[in-house]
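What follows is a set of notes on a single structure, which appears directly below.
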Amino acid sequence: MSDDEITPEMLALWARIFGFAREGRTAELAAYVDRGIPANLTNDSGDSLVMLAAYHGHAATVAALIERGADPNRENDRGQSPLAGAVFKNEPAVVRALLDGGADPRAGQPSAIDTAKMFGNTDLLTLLER
-9 MSDDEITPEM
1 LALWARIFGF
11 AREGRTAELA
21 AYVDRGIPAN
31 LTNDSGDSLV
41 MLAAYHGHAA
51 TVAALIERGA
61 DPNRENDRGQ
71 SPLAGAVFKN
81 EPAVVRALLD
91 GGADPRAGQP
101 SAIDTAKMFG
111 NTDLLTLLER
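Here this note's numbering is used: the first residue of the sequence shown is -9, the next is one more, and so on.
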C-alpha cells in the first residue's frame, strides 16, 4: 500500500488499534484481529501489537494476540524483542505469556536473557533459562 492510498480514516483506525494494545483492551483488540486486522501489525517504529502490549504489562492481551497468530519474536526496528521489553519493564506475567507462546529468550539485541543479567533480575533470568 502506498502513502497515497492511506486515508485519514485508516490512520485513525490504526491509532485506535495500537492504543488498544498499549491499554490492554484485549476484547476490543481481539475483535479487530478476528475481523481481519493483521495480528502482526506494526507501527512506524516497527513495534508490533505484541510489543506494545508486552511493554505496557498486558499479559492477557499478549496471549490473545499470540493465540490469533501474532509472532512473539517479532523485533522492532531497533532489534528489540517483546520478551526483552517485558524483562526491561519487570513484567513477570507478560514474560510467562510470551514464553508460553513460543518466545525465544535469546532473540533480539539485547536479548531477554542479556536484559535480565544487565538488571540483575535473577527471578526472571531463572524463568528465561528453563
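C-beta atoms are modelled at their ideal positions from N, C-alpha and C, and glycine is treated no differently.
Spatial distance of residue i from residue j (CA atoms)
i: residue 27; j: residue 43; result: 16 angstroms
i: residue 92; j: residue 62; result: 7 angstroms
i: residue 108; j: residue 50; result: 27 angstroms
i: residue 47; j: residue 34; result: 21 angstroms
i: residue 6; j: residue 112; result: 36 angstroms
i: residue 67; j: residue 100; result: 13 angstroms
i: residue 120; j: residue 19; result: 31 angstroms
i: residue -5; j: residue 2; result: 14 angstroms
i: residue 32; j: residue 14; result: 16 angstroms
Assumed close pair residue i, residue j - CB separation to whole angstroms, cut-off 8 angstroms
i: residue 84; j: residue 117; result: Their Cβ separation, rounded to whole angstroms, is 11 angstroms, which puts residue 84 and residue 117 out of contact at 8 angstroms.
i: residue 82; j: residue 40; result: That belief does not hold up - the Cβ atoms of residue 82 and residue 40 are roughly 17 angstroms apart, past 8 angstroms.
i: residue 70; j: residue 110; result: Their Cβ separation, rounded to whole angstroms, is 20 angstroms, which puts residue 70 and residue 110 out of contact at 8 angstroms.
Closest residue to residue i among the options (Cα-Cα distance)
i: residue 114; options: 97, 78 and 1; result: 78
i: residue 80; options: 103, 120 and 4; result: 103
i: residue 30; options: 68, 4, 110 and 119; result: 4
i: residue 88; options: 64, 2, 108 and 21; result: 64
i: residue 74; options: 106, 53, -6 and 47; result: 106
i: residue 17; options: -2, 41, -4 and 52; result: 52
i: residue 36; options: 8, 56 and 100; result: 8
i: residue 90; options: 54, 19 and -1; result: 54
Test: residue i CB closer than 7 angstroms to a CB of chain C
i: residue 10; result: In the structure shown, chain C cannot be found, because there is only a single protein chain.
Residues that residue i bridges to, as DSSP identifies them
i: residue 105; result: Bridge partners of residue 105: none, in fact.
i: residue 32; result: 38
Please go through the region 47 to 79 and give each complete alpha helix (DSSP H) segment of 4 or more residues, from N-terminal end onward.
-> 49 to 57 and 72 to 78
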